[in-house]
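S.K.: Protein chains in written order, with my numbering: chain A, 33 to 488; chain B, 1442 to 1727.
The beta carbon of each residue, even a glycine, is placed where N, CA and C say it ideally should be.
These figures come from a predicted structure and were not determined experimentally.
What follows is the structure, given as structure tokens:
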């Protein structure tokens, strides 16, 4: 989309269509000829992975919706009926339920990659903001999807999370009642969650289009983190197809192998046994936990003693991502050249994993005990205080971005992505091919593009 | 503030559960970790042992089914591939003679389509296993207030799966001295609970386990196995746990077979893509 289109309609029907609705041109410019930095590593393949998972979730979800019954008396049994009596229903349902976990796994990697290489920084703020919107929509969709089987965790998870809105001063209780469609989580709640769970993925798909559109204006970031100057475009980029279709394709299939191992050999490993007990409002599970992918936010929620402030902290933990582009004052994008920021990044990753671990524990349980007090009660660090420390570190990392960029001394950044690339070119690929000539514009990959000269 | 009280109640319940789940700090017992049992259906190539499923079905039918329902399982499921009565020459489970015979041995509540009277009729393969009690109140009334859980998905509704079922069924020791067991309650090492309030001994050595309303259901010789397998409590428990694992996941064999094809295909595909990747990128330094 940046630069001129190089699409040349060949057949009559293509010419006819191109003059009226240039949709083939759009596809060609976006996914065939789109200039992509040649140094993208495998961390960049998760965007493709996520597109595939979104498609898988929508397709399996549509078929599941044909068999699912959104009623408190029938939802649990209808899910089990899908597993037992619908042709390949067990596969559809296990793909869909494990697909949610895969979606989050890939999303978290995608977000951390964006942070590590500074992909949120100018001029890519809109891509990042739309990504944050997608993450928020993903959380909402996954939460409502988890309610649909109407097991014990579905029901009581829905009770805990919807009750959070009751913490809003003055209007909280009214909002909760409005959201429930009654005075408790019940059939109206299940019905609207089903409707929204069906709707939101299509909104996600729409925002994904905006996300990709916003990406194709400045073009991809890259591990070096520099903008590719217009006059080096031809040397430092390759057309998306076939170079990245094949690389992303390989990564996607490897990811699908891991996905398949869960679906076919351990389909319930990521779920909770209690959700195979039909929902019973009168029996509260001993330990209500969300799915693994929401545990860090659950830990932040529980870490704050005041309920309303806990809710605020939980939403702020996601909201902080939105303002990250303006918190970070560094001029260098890639953490490759920011040693201090790199160290803090890894501490941040450990913090997030630690919060996830705390989210699954009971706050009063002890991480370690140093002594017992007079009443025989243990003294030491419990998970409540550990999650408080980690919550402080989580927000501390965001706060640290502001002074960090002003005071750190980054390492020298290469002038072009070819500079570091060419320094270790010998190790890659076959030796038969010639290294790209260094003169300007001389790099001509064996392209699918018809006439690369017309571009730019 | 209703929400907040609910949250507080959760916290209280969670705290009790912490006491029950083996937190050493509280010196409560918690439950024993389930015993590991070797089953034919474990691992990526594991399949159900048909003879074991048939023995387990007999235990279920003669012992468990007198209190426990299995609402989601139909008679015809017994004859699907991987099921206890599957026959290669009977691809349609509704035609399977074993399934038809078993179904006909049950009486199913129905309505006479001519007169509208409530009747019972012999079961057909399409019927589900009938519940032993007409409703929840009747089930509780006959079981000291406790509701025997439905067994349709029991091995994935309990952490530990079939190992837990086996351990629970064989886990009724004589209660240790100092443990007060109320009438209608039975001490089980593997049942989650908190025995501290019932324990008069040292508070650092509260016995593990809990009380449940189910009396020890199995005894040696209680079920006669037609294939000559000794009818010990362990054999009965192991076989019925295997049967319940099948009832929970009747499509497990199909799942694992499909998975093998899927993973093999994807691995081959990944190899081809990697070779293509190396070839396409061979002239590009990156």
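Please identify, using Cβ separations under 8 Å, the residues of the stretch 264 to 294 of chain A that lie next to chain B, in order along the chain.
M.R.: Within the stretch 264 to 294 of chain A, the qualifying residues are 270, 274, 275, 278, 279, 281, 282, 285, 286, 288, 289, 292 and 293.
S.K.: Since residue 1424 of chain B meets chain A, which of its residues come closer than 7 Å, beta carbon to beta carbon?
M.R.: This structure cannot speak to residue 1424 of chain B, because chain B is shown only from 1442 to 1727.
S.K.: Identify the contact partners of residue 42 of chain A in chain B, using a Cβ-Cβ distance below 8 Å as the criterion.
M.R.: In the first chain, residue 42 of chain A corresponds to position 10, counting from 1. By Cβ distance, chain B contributes nothing, its closest Cβ being about 23 Å from residue 42 of chain A, past 8 Å.
S.K.: What is the C-beta distance between residue 246 of chain A and residue 159 of chain A, in whole angstroms, given that I count them as a contact (C-beta under 8 Å)?
M.R.: Here the question's residue 246 of chain A lines up with position 214 in the first chain. Here the question's residue 159 of chain A lines up with position 127 in the first chain. Indeed, because the Cβ distance is near 5 Å, the residues count as touching under 8 Å.
S.K.: Following the continuous alpha helix (DSSP H) through residue 46 of chain A, name the residue where it begins and the one where it ends.
M.R.: By 1-based counting over the first chain, the position of residue 46 of chain A is 14. Start and end: 44 to 52.
S.K.: Under 8 Å by Cβ, that's how I've got residue 1567 of chain B and residue 1510 of chain B pegged, so tell me the actual separation to the nearest angstrom.
M.R.: Walking along the second chain from the start, residue 1567 of chain B turns up at place 126. Walking along the second chain from the start, residue 1510 of chain B turns up at place 69. Contact doesn't hold; Cβ gap of about 18 Å is too wide.
S.K.: Tell me which residues of the stretch 76 to 98 of chain A have at least one Cβ-Cβ distance to chain C shorter than 7 Å, keeping chain order.
M.R.: Among the chains of the structure shown, chain C does not appear; the protein chains present are A and B.
S.K.: Under the assumption that residue 1730 of chain B contacts residue 1582 of chain B (Cβ atoms under 8 Å), give the Cβ distance between them as a whole number of angstroms.
M.R.: Summary: the structure shown does not reach residue 1730 of chain B, with chain B confined to residues 1442 through 1727, and so no result is reported for it.
S.K.: Apart from the five residues just before and just after residue 99 of chain A, which ones in its own chain have a Cβ nearer than 8 Å to its Cβ?
M.R.: For the purposes of this step, residue 99 of chain A is taken as the residue at position 67 of the first chain. Only 110, 113, 114, 118 and 121 meet the Cβ criterion.
S.K.: Does the beta carbon of residue 465 of chain A sit closer than 8 Å to a beta carbon anywhere in chain B?
M.R.: Taking the first residue of the first chain as 1, we reach residue 465 of chain A at position 433. Note that residue 465 of chain A scores 35 on pLDDT, short of 50, meaning its location in the model is unreliable and no value can be drawn from it.
S.K.: Shorter than 8 Å from the beta carbon of residue 130 of chain A to some beta carbon of chain B?
M.R.: As a first step, residue 130 of chain A is located in the first chain; it is residue number 98 there, counting from the start. Not closer than 8 Å to any Cβ of chain B, the Cβ of residue 130 of chain A fails to qualify, so no.
S.K.: For a minimum of 4 consecutive residues, which ranges assigned as the alpha helix (DSSP H) are wholly contained in the stretch 317 to 357 of chain A?
M.R.: As far as the stretch 317 to 357 of chain A is concerned, its whole alpha helix (DSSP H) runs of at least 4 residues are 327 to 335.
S.K.: Mind checking the stretch 144 to 170 of chain A against chain B and listing, in chain order, the residues whose C-beta falls within less than 9 Å of any C-beta there?
M.R.: Cβ contacts with chain B: none found.
S.K.: So who's on the other strand from residue 404 of chain A, going by DSSP bridges?
M.R.: Position 372 of the first chain, counting from 1, holds the residue named residue 404 of chain A. Answer by DSSP bridge pairing, in chain order: A:410.
S.K.: Enumerate in chain order the residues of its own chain whose CB-to-CB distance from residue 1476 of chain B is below 7 Å, with the five nearest sequence positions on each side excluded.
M.R.: Translated into positions along the second chain, residue 1476 of chain B becomes position 35. So the list reads 1604, 1607 and 1608, once near-sequence residues are dropped.
S.K.: Does the distance from the C-beta atom of residue 1505 of chain B to that of residue 1681 of chain B stay below 8 Å?
M.R.: Working through the second chain from its first residue, we reach residue 1505 of chain B at position 64. Working through the second chain from its first residue, we reach residue 1681 of chain B at position 240. Their beta carbons are under 8 Å apart, which means residue 1505 of chain B touches residue 1681 of chain B by this criterion.
S.K.: Check whether the Cβ of residue 122 of chain A lies closer than 8 Å to any Cβ atom in chain B.
M.R.: As a first step, residue 122 of chain A must be located in the first chain, where it is residue number 90. It does; some Cβ of chain B falls within 8 Å.
S.K.: Should residue 403 of chain A go down as buried or exposed, given a rule of 16 or more other Cβ atoms within 10 Å for buried?
M.R.: Looking up residue 403 of chain A in the first chain gives position 371. So residue 403 of chain A ends up on the exposed side.
S.K.: Comparing C-alpha positions only, which one of A:237, A:235 and A:271 sits nearest to residue 252 of chain A?
M.R.: By one-based count along the first chain, residue 252 of chain A stands at place 220. Of A:237, A:235 and A:271, the residue nearest in Cα terms is A:271.
S.K.: CB-CB under 8 Å to residue 1389 of chain B, same chain, minus the five flanking residues each way: which ones, in chain order?
M.R.: Past the edges of chain B, shown from 1442 to 1727, lies residue 1389 of chain B, and the structure says nothing about it.
S.K.: With residue 228 of chain A as the anchor, note down where its alpha helix (DSSP H) starts and where it stops.
M.R.: Numbered from 1 along the first chain, position 196 holds the residue referred to as residue 228 of chain A. Element bounds for residue 228 of chain A: 219 to 248.
S.K.: Run the CB neighbour count on residue 1645 of chain B, radius 10 Å, all protein chains shown included, and call it buried at 16 or more, exposed below.
M.R.: Residue 1645 of chain B sits at position 204 when you count from the first residue of the second chain. That one is exposed.
S.K.: Give, in chain order, every residue of the stretch 296 to 320 of chain A whose Cβ lies closer than 7 Å to some Cβ of chain B.
M.R.: Those residues of the stretch 296 to 320 of chain A that come within reach of chain B (Cβ to Cβ, closer than 7 Å) are 296, 297, 300, 305, 308, 309, 316, 318, 319 and 320.
S.K.: Please confirm whether residue 185 of chain A and residue 307 of chain A have their CB atoms less than 8 Å apart.
M.R.: For the purposes of this step, residue 185 of chain A is taken as the residue at position 153 of the first chain. For the purposes of this step, residue 307 of chain A is taken as the residue at position 275 of the first chain. Against a cut-off of 8 Å, the Cβ pair of residue 307 of chain A and residue 185 of chain A comes out as a contact.
S.K.: Is residue 307 of chain A helix, strand or coil by DSSP?
M.R.: Position 275 of the first chain, counting from 1, holds the residue named residue 307 of chain A. Residue 307 of chain A: helix per DSSP, three-state reduction.
S.K.: Report yes or no: is there a C-beta of chain B within less than 8 Å of the C-beta of residue 109 of chain A?
M.R.: Residue 109 of chain A sits at position 77 when you count from the first residue of the first chain. So yes, residue 109 of chain A belongs to the interface.
S.K.: Quick check: what's the CA-CA separation for residue 458 of chain A versus residue 1686 of chain B?
M.R.: Within the first chain, numbered from 1, the residue matching residue 458 of chain A stands at position 426. Within the second chain, numbered from 1, the residue matching residue 1686 of chain B stands at position 245. Residue confidence for residue 458 of chain A is low, a pLDDT of 42 falling below 50, so the modelled location carries little weight and cannot support an answer.
S.K.: Nearest to residue 304 of chain A by alpha carbon, out of A:317, A:297 and A:312?
M.R.: Residue numbering aside, residue 304 of chain A sits at position 272 when the first chain is read from its first letter. Residue 304 of chain A has its Cα closest to that of A:317, out of A:317, A:297 and A:312.
S.K.: Any beta carbon from chain A within less than 8 Å of residue 1715 of chain B's own beta carbon?
M.R.: Position 274 of the second chain, counted from the first residue, corresponds to residue 1715 of chain B. Residue 1715 of chain B counts as touching chain A.
S.K.: Taking the beta strand (DSSP E) that residue 1560 of chain B belongs to, which residues open and close that run?
M.R.: Walking along the second chain from the start, residue 1560 of chain B turns up at place 119. Segment 1559 to 1563, the beta strand (DSSP E) holding residue 1560 of chain B.
S.K.: Mapping the DSSP letters down to three states, classify residue 1652 of chain B as helix, strand or coil.
M.R.: Start at 1 with the first residue of the second chain, and residue 1652 of chain B comes out as number 211. Residue 1652 of chain B: strand per DSSP, three-state reduction.
S.K.: Which first and last residues belong to the alpha helix (DSSP H) in which residue 1606 of chain B is found?
M.R.: Numbered from its first residue, the second chain carries residue 1606 of chain B at position 165. From DSSP, the alpha helix (DSSP H) with residue 1606 of chain B extends over 1602 to 1611.
S.K.: When the Cα of residue 94 of chain A is compared with those of A:321, A:311, A:231 and A:395, which residue comes out closest?
M.R.: By one-based count along the first chain, residue 94 of chain A stands at place 62. Nearest C-alpha to residue 94 of chain A: A:231.
S.K.: Check residue 1548 of chain B in the structure and name its three-state DSSP category.
M.R.: The residue labelled residue 1548 of chain B in the question sits at position 107 within the second chain. Residue state, collapsed to three classes: strand.
S.K.: So with CB distances below 8 Å, who are the chain B contacts of residue 323 of chain A?
M.R.: For the purposes of this step, residue 323 of chain A is taken as the residue at position 291 of the first chain. Near residue 323 of chain A there are no residues of chain B at all, since even the closest Cβ is about 16 Å away, more than 8 Å.
S.K.: Tell me where the alpha helix (DSSP H) around residue 371 of chain A begins and ends.
M.R.: On the first chain, position 339 is the one that residue 371 of chain A refers to. Unbroken alpha helix (DSSP H) run through residue 371 of chain A: 371 to 391.
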